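Chemist:
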Amino acid sequence: MASSRRDGTRRATVRGGAVMGAVLGFCLAGLASLPRASAEAPIKNPPPADSKSSFVIPAWAFDRGNVKTFTQEYADAGPMVAFGGESPIVVEYDVEFPVSGTWTIWICYAAAAARPVALSLNETSLGLCCRGASGTWNTSSAAWEKSCERWFAPGKHTLRLKRDNDFPHVVALRFDCSTPFPDGWKLDRPNARKIDSPLTYLFSRDVSVPKPDSLRLAIEDLMATFGPKYPNGPRYLSRLEPLSRQWKQLEEKARSGQLPLDAERKSLDEALAALAREALLANPLLDFDRLLLVQRGEKGPALGLPYNWQSNSCLPKTGYDDQIAVLSPVRPDGKLATLFKPDGGRFVGDVDLDFDAEKMLFSMPGSNNRWQIFEIRADGTGLRQLTDEQPDVDSYDACYLPSGKILFTSTACFIGVPCVYGSSHVANLYVMDADGRNIRQLCFDQEHDWCPTVLNSGRVLYTRWEYSDTPHSNTRLLFTMNPDGTGQAAYLGSNSYWPNSFFYARPIPNHPTKVVSVIGGHHDNPRMGELVIFDPALGRTEGEPAVQRIPGYGQKVEPIIRDGLTISSWPKFLHPYPLSDKYFLVACKPMPQSRWGIYLVDVFDNFVLIKDLPGYALLEPIPFRKTPRPPVIPDKVDPARTDAVVYIPDIYVGDGLKGIPRGTVKSLRLFTYHFAYQDMGGLLGVVGMDGPWDIKRVLGTVPVHPDGSAKFRVPANVPISLQPLDEEGKAIQLMRTWMTAMP
18 MASSRRDGTR
28 RATVRGGAVM
38 GAVLGFCLAG
48 LASLPRASAE
58 APIKNPPPAD
68 SKSSFVIPAW
78 AFDRGNVKTF
88 TQEYADAGPM
98 VAFGGESPIV
108 VEYDVEFPVS
118 GTWTIWICYA
128 AAAARPVALS
138 LNETSLGLCC
148 RGASGTWNTS
158 SAAWEKSCER
168 WFAPGKHTLR
178 LKRDNDFPHV
188 VALRFDCSTP
198 FPDGWKLDRP
208 NARKIDSPLT
218 YLFSRDVSVP
228 KPDSLRLAIE
238 DLMATFGPKY
248 PNGPRYLSRL
258 EPLSRQWKQL
268 EEKARSGQLP
278 LDAERKSLDE
288 ALAALAREAL
298 LANPLLDFDR
308 LLLVQRGEKG
318 PALGLPYNWQ
328 SNSCLPKTGY
338 DDQIAVLSPV
348 RPDGKLATLF
358 KPDGGRFVGD
368 VDLDFDAEKM
378 LFSMPGSNNR
388 WQIFEIRADG
398 TGLRQLTDEQ
408 PDVDSYDACY
418 LPSGKILFTS
428 TACFIGVPCV
438 YGSSHVANLY
448 VMDADGRNIR
458 QLCFDQEHDW
468 CPTVLNSGRV
478 LYTRWEYSDT
488 PHSNTRLLFT
498 MNPDGTGQAA
508 YLGSNSYWPN
518 SFFYARPIPN
528 HPTKVVSVIG
538 GHHDNPRMGE
548 LVIFDPALGR
558 TEGEPAVQRI
568 PGYGQKVEPI
578 IRDGLTISSW
588 PKFLHPYPLS
598 DKYFLVACKP
608 MPQSRWGIYL
618 VDVFDNFVLI
628 KDLPGYALLE
638 PIPFRKTPRP
648 PVIPDKVDPA
658 RTDAVVYIPD
668 IYVGDGLKGI
678 PRGTVKSLRL
688 FTYHFAYQDM
698 GGLLGVVGMD
708 GPWDIKRVLG
718 TVPVHPDGSA
728 KFRVPANVPI
738 SLQPLDEEGK
748 AIQLMRTWMT
758 AMP
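One rule links them: number in this note's numbering = place in the sequence shown (from 1) + 17.
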C-alpha cells in the first residue's frame, strides 16, 4: 500500500515476512534471457532448502542502493527494504556462486498490490519479478516468488532490482543450487550493509518463539525463588545449553549477512518451545488445576471490545458465540468445559470471581434489552440478574468488594461523550448490596469510569477518563477510592500525556503499590495494547512509574506521546492476571496472524502458550481458586447529609503552584460542571470547540489561610473544581480536573 507524505511525495510502504531475494549468477553464453516471473500470488511455504546447496540473504544486507531499511513500520515480522525517498528505486547485491549448476532464485516480499520490479544480473535484463501480491504491506504477510530457474556459472555477480516508484516490501533472497557446495564453503559478503542487533530479527518478531537467554533467566529465577519446589531447574538448564550454542551459531551467521534456512530455524524453534513449555509451566505459582476464561467466537462483533471512548452500551448485544469456560488442566493439552453459555447469541464477559471462588459476576444483555449484571454459582447453577433498576439504564463491569457489596458501572448518570454527540453513554461507578438493592452513585464524572477492581489495601482501583479543559486523547487515568466513594484520588497518570489509556489494571499480589495494566491510545485499537508494570512509589507522571514493558527486559520504558499509541505495536494484550511481580497470565495475540490465546508471560520476555482454540478468542483468564480477601474499609458516609468537608493542608504543595510565592493565594473560587446529556453535544454543540466542552457554574469563594491551608464545606455528590485567586480576585491557576466528596 502506498502512503502519501505530507510534503506531497509518495512513499511505497514495505511489509515483508521472510523475504528471500534471488541473486543470479552470470548466464552462460548463448542462454536465452530469463522469462518473466509469474503474476501468480507468491507462496508462503516454498520447497524446503538444504544448507549444503542453499543460502539466504536478508534484503537489508545490500551492497548498493537508495532503498530504506524498515525495522519498525510495517516490519511486524522482521525488517524489509522499500522506497527510501529517491526515484528510480535501485538496490544491488554482490553475490558469489561457489559452483555451477541449476540455480533457483526466490524473492520473498510483501505487497497489498502488485508492483513488478525489473530484475537484472550484471546489467543484463532478466525480466520482471515481484509481480504478485501477498495480501498486505506487513512483513508478516510476506511470501516467496520463484523468480528464476537457470544454469549459472560460478563467480561473483551483481543482482539488481529496479523500479521507478512504489517499490514492494522486499524481505529476503534465497538461492538454491542443484550442485552441492564445496565442503567448508561460507558465504562472504564483506561490503554488505549491516543492521543493529540482527538477533532481534533472526526468527522474526514473534514473541512466542522462545529465546535462550530469556528462558535461562526465568529458570534461574524460579530456582532461586522456589528452591526445592522447583526441583528440575538444573536439568532444564542442562538441556538448554546445546540449544543456546546452536542459537549463537545462527546469530553469527545472521551477523555475517546470511539468514538461517527455514529447516534450521524450525528445528531450533521446536526444541526451545518444548523446553519452555516444560520448564515454565512447572512454575509453582501455577498451583491450580482450573482456569476460568471467556471463549468468544472470532467473528463476533468487534470481538466484544468497545472503542476507547465507549463502554459496553455501545456494543451490539447479540451476534456472539460466547461462553464462560473452564480449562483443566491448565496446559496446552487441557480440555475446555462450558460453565455457562447464554442463549440468543448474547454477549457474556467482564467476569469477576468472588474471593471465596463460590460465585462470579458477569455482564450480559438482560431485561428491557439492556445490559445487566448477573451472578452465577461456581458450578454453573443459580443464575440470577442483580440489576434492573430502570428500563433505560445499562449496567455492567462489576466486581465484588471485600464487604460483600458489589461495585459496578452504570449509565444511570445520563451523561454522553460530547465529541461523538453523546452517542457514547457515559458509565459511572455505583455500589449496591449483594442482592442488588440500595444502589448508590459513587462517581459523578464527566466521562466513563472503567475496569473497577480491588487493591490489596481494600481500596478500589479504576480507570477514570477526564475530558474538560485538557487534551482528552491522553487522560484516561488510574484512580483509587474507598469502597464507599470517599477519598477519590489519582493513582497514576494525572498531569501526564503518557500513557493515553490504562485498561484492565490489576494489583500485583503481595505488593503495596505495584500494578500491571494494558496501555493504549485514543483513536487506537479497542482496549488492547501493550503490557506494562507500574509502581507509583517511583513517581506518578509520564514514564516515572513504569517499571517494565513486557516484552522489554532490561529496557527503559520511554513515554511516547501519540494518539494511536499502540496501533502498530505487537504483541497485543488484554486482561492481565498477575501471579506475582514477575509472572502473569494474559490474553495475548503475539502477531497479526496469531489467534487470541491465554499465555504465561514473564518479565524475562518469555511467552508460553497455555491454550488457544481455532475459530475463537480466549480472553479474561482467572485462576479458579480462592484468593485472599482484602481488608474491609468501613463506610464513612452519612446519607442523611447533603454536604461534605474539604480540608487542604497546604495549597502550595505540588507542581500546580510551583514558583508562586507563599502568601499570593488569598482565596479559592469553587465551581462545578454541568456535563452534557446523552445524545447531545458535538464539536459545535458545546461551550467551547474541542476545549472546555461543559458549562461551569460558580459556587462561591472560600478563604485561604497564610500557611496555605483551607477548610470548607461543599455540596456532596457534585464534581467540584478550584481556582486559586490573588488579593485582587484574579485567577492564578485552573484545576483542570475535579473532585467529588461523599456526604
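We put the beta carbon where it would ideally sit given N, CA and C, even for glycine. Every value quoted in this text rests on a predicted model; they were computed, and no experiment measured them.
Tell me, please, whether the segment 417-435 touches the segment 599-614 by the rule of three or more beta-carbon pairs shorter than 8 Å.
Modeler: Segments in contact, no.
Chemist: Across which residues does DSSP place residue 381 in a beta bridge pair?
Modeler: In DSSP, residue 381 forms a bridge with 389.
Chemist: Between which two residues does the beta strand (DSSP E) holding residue 236 run?
Modeler: It is not in any beta strand (DSSP E) - residue 236 instead sits in the alpha helix (DSSP H) that spans 229-243.
Chemist: Measuring alpha carbon to alpha carbon, tell me which residue in 439, 409, 436 and 480 is nearest residue 445.
Modeler: Closest by alpha carbon: 480.
Chemist: Hey, quick one: how far does the beta strand (DSSP E) through residue 498 stretch, first residue to last?
Modeler: From DSSP, the beta strand (DSSP E) with residue 498 extends over 493-498.
Chemist: Look at the Cβ atom of residue 411, then the Cβ atom of residue 442, and state whether they are nearer than 8 Å.
Modeler: For residue 411 and residue 442, yes; Cβs fall inside 8 Å.
Chemist: How many angstroms separate the CA atom of residue 582 from the CA atom of residue 591?
Modeler: Each residue's alpha carbon lies about 15 Å from the other.
Chemist: Report the CB separation of residue 475 from residue 759 in whole angstroms; it is logged as a contact under 8 Å.
Modeler: About 16 Å separates the two Cβ atoms, so there is no contact after all.
Chemist: Over what stretch of residues does the beta strand (DSSP E) that includes residue 345 continue unbroken?
Modeler: Residues 339-345.
Chemist: Pull up the DSSP beta-bridge partners for residue 545, would you.
Modeler: Looking at the DSSP assignment, residue 545 forms no beta bridge with any residue, so it has no partner.
Chemist: Taking the continuous beta strand (DSSP E) assigned at residue 616, which residues delimit it?
Modeler: 614-619 is the extent of the beta strand (DSSP E) around residue 616.
Chemist: What separation, rounded to the nearest whole angstrom, lies between the Cα atoms of residue 65 and residue 359?
Modeler: Distance between the alpha carbons of residue 65 and residue 359 is about 47 Å.
Chemist: Following the continuous beta strand (DSSP E) through residue 608, name the residue where it begins and the one where it ends.
Modeler: From DSSP, residue 608 is part of no beta strand (DSSP E); its letter is neither H nor E.
Chemist: Whole angstroms are fine: how far does the CA of residue 674 sit from the CA of residue 742?
Modeler: Rounded to whole angstroms, residue 742 to residue 674 spans 11 Å at the Cα level.
Chemist: Out of curiosity, what's the CA-to-CA distance linking residue 153 and residue 692?
Modeler: Cα to Cα, the separation comes out at about 43 Å.
Chemist: Where residue 369 and residue 509 are concerned, what is the direct C-alpha to C-alpha distance, given to the nearest angstrom?
Modeler: The straight-line gap from Cα to Cα measures roughly 23 Å.
Chemist: What is the DSSP secondary structure of residue 481, counted as helix, strand or coil?
Modeler: Of the three classes helix, strand and coil, the one that applies to residue 481 here is strand, per DSSP.
Chemist: Using the C-alpha atoms, what's the distance from residue 283 back to residue 80?
Modeler: Cα-Cα distance, rounded: 29 Å.
Chemist: Tell me the DSSP bridge mates of residue 688?
Modeler: DSSP, once it has assigned bridges, lists 715 and 738 as partnering residue 688.
Chemist: Are the segment 244-253 and the segment 106-124 in contact at 8 Å, needing three or more beta carbon pairs?
Modeler: Verdict: no, contact absent.
Chemist: Going by DSSP, which residues form a beta bridge with residue 60?
Modeler: Answer is 161, bridged to residue 60.
Chemist: Need the endpoints of the beta strand (DSSP E) that residue 142 sits in, please.
Modeler: First-last of the beta strand (DSSP E) with residue 142: 141-146.
Chemist: Pull the bridge partners of residue 113 from the DSSP assignment, please.
Modeler: Residue 113 pairs with 173.
Chemist: Please name the residue, chosen from 335, 374 and 345, that lies closest to residue 380 on a Cα-to-Cα basis.
Modeler: The shortest C-alpha separation from residue 380 is found at 335.
Chemist: Roughly how many angstroms separate the alpha carbons of residue 725 and residue 731, rounded to a whole number?
Modeler: Cα-Cα distance, rounded: 19 Å.
Chemist: Tell me where the beta strand (DSSP E) around residue 364 begins and ends.
Modeler: Counting along the chain, residue 364 falls outside any beta strand (DSSP E), and DSSP gives it neither H nor E.
Chemist: Which term fits residue 589, buried or exposed, when burial requires 16 or more other beta carbons within 10 angstroms of its beta carbon?
Modeler: Looking at its Cβ environment, which holds 16 or more other Cβ atoms inside 10 Å, residue 589 is buried.
Chemist: Alpha carbon to alpha carbon, how far is residue 728 from residue 662?
Modeler: So the alpha carbons of these two residues sit roughly 7 Å apart.
Chemist: Leaving out five residues before and five after residue 622 in sequence, what residues of the same chain have Cβ atoms less than 6 Å from its Cβ?
Modeler: Around residue 622: 231, 568 and 570.
Chemist: Ordered along the chain, which non-local residues of its own chain (more than five positions away) have a Cβ less than 6 Å from that of residue 48?
Modeler: Note that residue 48 scores a pLDDT of 28, beneath 50, so its modelled location is shaky; the value from the coordinates is reported in the next line. There are no such residues.
Chemist: Please classify residue 745 as buried or exposed, where buried requires at least 16 neighbouring CB atoms within 10 angstroms.
Modeler: Burial call: exposed.
Chemist: Pull up the distance between the alpha-carbon of residue 751 and that of residue 739, whole angstroms please.
Modeler: Straight-line Cα distance between these residues: approximately 7 Å.
Chemist: Could you tell me the boundaries of the beta strand (DSSP E) in which residue 134 lies?
Modeler: First-last of the beta strand (DSSP E) with residue 134: 134-138.
Chemist: Short of 7 Å in beta carbon distance, which residues of its chain neighbour residue 486, apart from the five on each side in sequence? Order them along the chain.
Modeler: Only 709, 751 and 753 meet the Cβ criterion.
Chemist: How about the segment 508-523 and the segment 652-662: do they share at least three Cβ pairs that are nearer than 8 Å?
Modeler: No, they do not touch.
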